[in-house]
Every structure is written in structure tokens, then in C-alpha cells.
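2 protein chains.
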Amino acid sequence: MTEPNNLAPNNADLKIVHNSLLDGLGQLATYFGFNKLLGQIYGAILLTTEPITLDHLVNQLGISKANASINMRTLERLGMVRQVSVRGEGKRKFYEAEADFWAIISSILAGREMRDISRALSVLTDSAQRLDKSKGEMTEEEQKVAALYMDRIAQLQALFRFAQNMMGTILARDFEDIQKIDIE
Amino acid sequence: MTEPNNLAPNNADLKIVHNSLLDGLGQLATYFGFNKLLGQIYGAILLTTEPITLDHLVNQLGISKANASINMRTLERLGMVRQVSVRGEGKRKFYEAEADFWAIISSILAGREMRDISRALSVLTDSAQRLDKSKGEMTEEEQKVAALYMDRIAQLQALFRFAQNMMGTILARDFEDIQKIDIE
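Top line first, the protein sequences correspond to chains A and B.
The first sequence begins at 1 in this note's numbering and counts up by one.
The second sequence begins at 185 in this note's numbering and counts up by one.
Printed below as a string of C-alpha cells:
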């Protein structure tokens with residue numbers, strides 16, 4: 001079994017930077033509603049110069065094989081890691097990371113996030129229609145409440161439409177644009 | 185004790201819409217990294233025509249007073265609810281919701297989110313400097329690893345700068361703009 005020489009760096013500074021990046025990617029994962037370990041596993045794969053196996057990750061991160069395996073499946077599904085074959089290693093599964101962050105993030109935004117916003121908007125439309133239909137049968141007191149609900153629904157619709165527009169603006173940019181931003 | 189007549193609506197359609205909005209606001213809260221109950225409590229206050237007390241919320245949502253109280257303090261700190269005095273109710277604390285969603289969201293983005301991005305960028309800068317300083321003492325093999333880390337750091341810096349720009353763009357708009365978006 002080939003042990004990637006850079007899997008757990010020996011140099012003290014490399015080690016510090018390695019751990020700091022894994023921490024950061026762990027936190028970033030939680031921002032997108034995933035668990036921290038998912039980000040850390042992705043980071044560990046992103047920071048090797050050669051493809052690595054599930055066993056490497058289990059050893060390096062001190063996690064259970066089951067836990068590593070579940071997260072790896074999620075990472076594959078999200079297009080964040082992929083299996084690669086390594087010559088002379090037979091059927092053992094090796095993984096490498098998708099390093100195009102923009103491709104990853106835009107696929108999450110375009111898929112899950114946009115779907116969630118559309119769903120929220122359609123629930124709000126249904127609610128508005130429901131109130132509209134039944135307000136004729138409401139008491140005066142209930143109609144006041146219905147009017148308040150209608151106002152809140154309209155505000156939420158405006159908010160989600162704004163989010164939808166922003167998301168569209170973000171997705172319309174491509175990674176070239178991002179790369180153009182100056183790096184100190 | 186005045187029981188707000190609209191706290192738990194009797195009309196079946198009002199009840200359905202009320203619960204649906206509380207669910208939605210609960211989910212929205214989790215998007216911003218808060219717990220679901222925080223969003224539901226905010227929703228319950230947002231959907232009353234009169235200020236309500238902690239006891240009202242405890243009854244309505246079937247939660248413990250301690251739980252309601254902790255979340256209410258967070259909501260007050262975030263500027264999402266405020267205490268108001270109600271004539272003839274003496275020292276009992278009544279609450280009303282901040283209904284300007286944009287004010288709430290932009291204060292969260294401008295505060296916590298922007299701080300998190302700045303912190304991430306400064307950690308990345310530190311990491312890059314650390315590698316730069318120590319690469320002279322690294323073996324050739326270690327230098328290869330350091331070069332990979334430097335590439336990843338540069339990519340992450342570009343990504344966070346992009347996020348910082350987007351956040352700036354969002355914050356530069358004001359609620360008037362959002363209101364202008366057509367509502368069906």
C-alpha cells in the first residue's frame with residue numbers, strides 16, 4: 001500500500017497550515033448546512049498531492065470507517081470528490097478532490113438553494129390564495145388577522161424574490177471573474 | 185390578563201396559514217445558523233396584531249418557559265423583537281416583532297457574516313506568510329506540498345473576496361429596492 005508522503009505533513013509549519021485549512025473548510029461546510037466533518041474530509045483530500053483511500057482518511061482524521069464512508073458518499077454526490085484508479089493498486093478505491101470551488105458552490109446554489117426558494121415562494125402563493133378564497137366567510141375580527149397575514153406574506157414574497165435575483169446574479173458570473181479579483 | 189384574540193386563530197384557514205408561516209420562518213432561521221424554534225417564536229410574535237407575553241408563547245407553542253426565555257433574549261439581541269409597555273398591564277413584559285426583514289437580515293450580514301469572512305481572510309493570509317517564511321528550510325518534497333497549499337490558499341482567498349463583494353452589493357441596496365420587486 002502506497003502511503004501518500006504528504007498525507008500528514010511532518011514539517012511543523014505545514015502541519016499548522018494543514019490543520020488550519022481543515023478547520024476553515026469544516027466551518028465553511030456548516031455554512032452550507034452540511035456537517036463539519038464533511039468539510040474536513042474534503043479538505044484532507046484537497047490537500048494531498050496524490051489520490052488517497054478511505055483508510056488513509058480514517059487514520060489521518062481518527063474517525064470511524066462508517067462515518068468516513070457516509071461522508072464520502074455525500075461528497076461524491078455533490079461532485080466534490082471523485083474516484084480515480086491508481087496503477088498497480090488493483091481494485092482499491094482512491095479519491096481525489098474537485099478543486100474548482102466555484103463549480104461546487106454554483107452547483108449547490110443552482111440546485112438545492114434555488115429549489116428551496118422556489119418551494120418557499122409556492123407555499124406563500126398557496127397561503128395567499130387560501131386566505132383570499134375564505135375571507136368572505138370570516139368574521140370581521142378574523143378578516144383583520146387575515147389582512148395582517150396577507151401583509152406578512154407579501155413582505156416574505158418580496159424577500160424571497162430578492163434572494164432569487166441575487167442568486168441568479170451570482171450564478172451568472174463564472175469562475176474566470178472570480179479569479180480576476182486581486183490576490184495580495 | 186388580556187389574551188390577544190388572534191394568538192391562536194380559530195378559523196381553519198387562518199390556522200393553516202399561521203402554522204405554515206411559522207414552519208417557513210423556522211426553516212429560514214436554520215439557514216442563518218440559528219435554531220428552528222427561534223424562527224417559530226419570531227413568527228408567532230410577527231403574526232399577532234397585539235403585543236404578547238412570554239406566557240402566551242409558552243402556551244401557544246407548547247414549549248418550556250426556559251426555552252422561550254433563552255430564545256427571546258437572542259431575538260432581542262438580534263433586534264428581531266422588542267419589549268413594549270401595554271397600558272393597564274403594569275410591569276408585565278409584552279413583546280412585538282420587528283417587521284422590517286431587510287433591517288434584520290442586513291444587520292446579521294453586516295455584523296456576523298462580514299466578521300466571519302474577514303476572519304477567514306486573515307487566517308488565510310497568516311497561513312500564506314507562515315509557509316513563505318519557512319519554505320527555505322523545507323526539503324524538496326515538503327516544498328512541493330507547500331506549493332500545493334499556497335495554490336489552495338490563493339483559491340480560497342479569491343472565493344472569500346468574491347463573497348465579501350457580493351455581501352457588499354447586497355448591503356448597498358436598501359429595503360425600498362426590494363419593495364419595488366413586483367408581487368403577483
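Ideal Cβ positions, reconstructed from N, Cα and C, are used throughout, including at glycine.
**OP:** May I have a chain-ordered list of the beta strand (DSSP E) segments no shorter than 3 residues that lie completely inside the segment 227-312 of chain B?
**Re:** 265-268 and 278-281
Subject >> Of the listed residues Gln244/B, Met350/B and Pro235/B, nearest to Glu273/B (C-alpha basis) >> reply: Taking the first residue of the second sequence as position 1, residue 273/B is located at position 89. Of the listed residues, the one whose Cα sits closest to Glu273/B is Pro235/B.
Subject >> Option in Val201/B, Leu209/B, Ala196/B and Pro193/B with minimal Cα separation from Ile289/B >> reply: Locating residue 289/B in the second sequence gives position 105, where the first residue counts as 1. Ranking the options by Cα distance to Ile289/B, first place goes to Leu209/B.
Original post:
Thinking C-beta only, is Arg276/B closer than 8 Å to Thr237/B?
Top reply: The residue labelled residue 237/B in the question sits at position 53 within the second sequence. The residue labelled residue 276/B in the question sits at position 92 within the second sequence. Contact flag set, yes.
Original post:
Considering Thr214/B, what are the terminal residues of the alpha helix (DSSP H) in which it resides?
Top reply: As a working note, residue 214/B is residue 30 in the second sequence. Here the alpha helix (DSSP H) through Thr214/B covers Ala196 to Tyr215.
**OP:** Report back the beta-carbon spacing between Thr75/A and Leu38/A to the nearest angstrom; my notes put them in contact at under 8 Å.
**Re:** The residue given as residue 75/A occupies position 75 in the first sequence. The residue given as residue 38/A occupies position 38 in the first sequence. Note on residue identity: the sequence assigns Leu, not Thr, to residue 75/A. Sure, about 7 Å apart at Cβ, within 8 Å.
Original post:
Are the C-beta atoms of Gly272/B and some chain A residue less than 8 Å apart?
Top reply: The count along the second sequence starts at 1 and reaches residue 272/B at position 88. No, its Cβ sits nowhere closer than 8 Å to a Cβ of chain A.
Original post:
Taking DSSP as the reference, what is the three-state secondary structure of Met138/A?
Top reply: Indexing the first sequence from 1 puts residue 138/A at position 138. Looking at Met138/A - three-state DSSP - the assignment turns out to be coil, as it is neither helix nor strand.
Original post:
Which residue from Ala196/B, Gly352/B and Ser204/B puts its Cα closest to that of Ser302/B?
Top reply: Translated into positions along the second sequence, residue 302/B becomes position 118. Answer by Cα proximity: Gly352/B.
Original post:
By a C-beta neighbour count over all protein chains shown, 10 Å radius and 16 as the cutoff for buried, is Glu137/A buried or exposed?
Top reply: In the first sequence, counting from the first residue as 1, residue 137/A sits at position 137. Label assigned to Glu137/A: exposed.
Original post:
In chain A, which residues lie less than 9 Å from Phe285/B when you measure between Cβ atoms?
Top reply: Within the second sequence, residue 285/B is the residue found at index 101, counting from 1. Correct list: Gln155, Leu156, Ala158 and Leu159.
**OP:** Drop a sphere of 10 angstroms on the beta-carbon of Asp197/B, count the other beta-carbons inside from all chains shown, and report buried for 16 or more, exposed for fewer.
**Re:** For the purposes of this step, residue 197/B is taken as the residue at position 13 of the second sequence. Answer is buried; the Cβ neighbour count reaches 16.
Original post:
Residues of chain A with a CB under 8 Å from the CB of Leu230/B: which are they?
Top reply: Within the second sequence, the letter at position 46 stands for residue 230/B. Ordered by position in chain A, the residues that pass the 8 Å Cβ test against Leu230/B are Arg152.
Subject >> Burial state of Glu140/A, where buried means 16 or more other Cβ atoms lie within 10 Å >> reply: Here residue 140/A refers to the residue found at position 140 of the first sequence. It is exposed - the Cβ of Glu140/A has fewer than 16 other Cβ atoms within 10 Å.
**OP:** Would you tell me roughly how many angstroms separate the C-alpha atoms of Lys287/B and Phe94/A, rounded to the nearest one?
**Re:** As a position in the second sequence, residue 287/B is number 103, starting the count at 1. As a position in the first sequence, residue 94/A is number 94, starting the count at 1. Note on residue identity: the sequence assigns Ala, not Lys, to residue 287/B. So the alpha carbons of these two residues sit roughly 48 Å apart.
Subject >> Beta-carbon separation (whole angstroms), Tyr226/B vs Met264/B, contact threshold 8 Å >> reply: Here residue 226/B corresponds to residue number 42 of the second sequence, with the count starting at 1. Here residue 264/B corresponds to residue number 80 of the second sequence, with the count starting at 1. Tyr226/B to Met264/B, Cβ: 5 Å. Contact.
Original post:
Can you tell me whether DSSP reads Asn165/A as helix, strand or coil?
Top reply: Here residue 165/A refers to the residue found at position 165 when the first sequence is read from its first residue. Three-state result, Asn165/A: helix.
**OP:** Count the other CB atoms, across all protein chains shown, that sit within 10 Å of the CB of Val145/A; report buried if there are 16 or more and exposed otherwise.
**Re:** By 1-based counting over the first sequence, the position of residue 145/A is 145. It counts as buried.
Subject >> Short-range partners of chain A found in the segment 301-319 of chain B, where Cβ spacing is below 9 Å >> reply: Ala304, Val307, Leu308, Thr309, Asp310, Ser311, Ala312, Arg314, Leu315, Lys317, Ser318 and Lys319
Original post:
If Arg152/A sits next to Leu230/B, beta carbons under 8 Å apart, how far is it from one beta carbon to the other, in whole angstroms?
Top reply: The sequence position of residue 152/A within the first sequence is 152, counting from 1. The sequence position of residue 230/B within the second sequence is 46, counting from 1. About 6 Å; that satisfies the 8 Å criterion.
Original post:
Which chain B residues are close to Glu140/A, counting only those with a beta carbon under 7 Å from its beta carbon?
Top reply: Working through the first sequence from its first residue, we reach residue 140/A at position 140. Residues of chain B passing the Cβ test: none, with the nearest at roughly 11 Å.
Subject >> Where Phe344/B sits in the DSSP three-state scheme >> reply: Locating residue 344/B in the second sequence gives position 160, counting from the first residue. Here Phe344/B sits in helix by DSSP.
Subject >> Amino acids of chain A, ordered along the chain, whose beta-carbon sits closer than 8 Å to that of Pro193/B >> reply: For the purposes of this step, residue 193/B is taken as the residue at position 9 of the second sequence. Within 8 Å Cβ-Cβ: Glu142 and Val145.
Subject >> Below-8 Å beta-carbon distance, Met166/A vs any chain B residue >> reply: Position 166 of the first sequence, counted from the first residue, corresponds to residue 166/A. So yes, Met166/A belongs to the interface.
Original post:
Who are the near neighbours of Arg82/A in its chain, counting only those whose CB is closer than 8 Å to its CB and skipping five residues on each side?
Top reply: Along the first sequence, read from residue 1 onward, the residue named residue 82/A stands at position 82. The residues are Glu76, Tyr95, Glu96 and Glu98.
Original post:
Applying the criterion that 16 or more other CB atoms from any shown protein chain within 10 Å of the CB defines a buried residue, is Ala213/B buried or exposed?
Top reply: Along the second sequence, one-based indexing puts residue 213/B at 29. Label assigned to Ala213/B: buried.
Subject >> Length of the line joining the Cα atoms of Glu326/B and Leu57/A >> reply: Mapped onto the second sequence, residue 326/B falls at position 142. Mapped onto the first sequence, residue 57/A falls at position 57. Going by the C-alpha atoms only, they are around 20 Å apart.
Original post:
Skipping 5 residues on each side, what residues in its chain have a beta carbon closer than 7 Å to that of Val270/B?
Top reply: Indexing the second sequence from 1 puts residue 270/B at position 86. So the list reads Pro235 and Phe278, once near-sequence residues are dropped.
Original post:
Cβ atoms of Val17/A and Leu340/B: under 8 Å apart, would you say?
Top reply: Locating residue 340/B in the second sequence gives position 156, counting from the first residue. Locating residue 17/A in the first sequence gives position 17, counting from the first residue. Cβ distance not < 8 Å, so Leu340/B and Val17/A don't count as in contact.
Original post:
Measuring CA to CA, which of Ile354/B, Lys319/B, Leu332/B and Asn349/B is closest to Asn11/A?
Top reply: In the first sequence, residue 11/A corresponds to position 11, counting from 1. Per the Cα distances, Lys319/B.
Original post:
Who are the near neighbours of Thr2/A in its chain, counting only those whose CB is closer than 6 Å to its CB and skipping five residues on each side?
Top reply: As a working note, residue 2/A is residue 2 in the first sequence. With a pLDDT of 47 at Thr2/A, under the threshold of 50, the predicted position of this residue should be treated as unreliable, though the coordinate-derived value follows. Excluding sequence neighbours, Thr2/A sits near nothing in its chain.
Original post:
If we cut at 8 Å on Cβ distances, does Ala356/B have a partner in chain A?
Top reply: On the second sequence, residue 356/B is found 172 positions in, with the first residue counted as 1. Not an interface residue.
**OP:** Would you mind sorting Asn165/A into buried or exposed? The rule is 16 or more other CB atoms within 10 Å of its CB.
**Re:** Locating residue 165/A in the first sequence gives position 165, counting from the first residue. Exposed.
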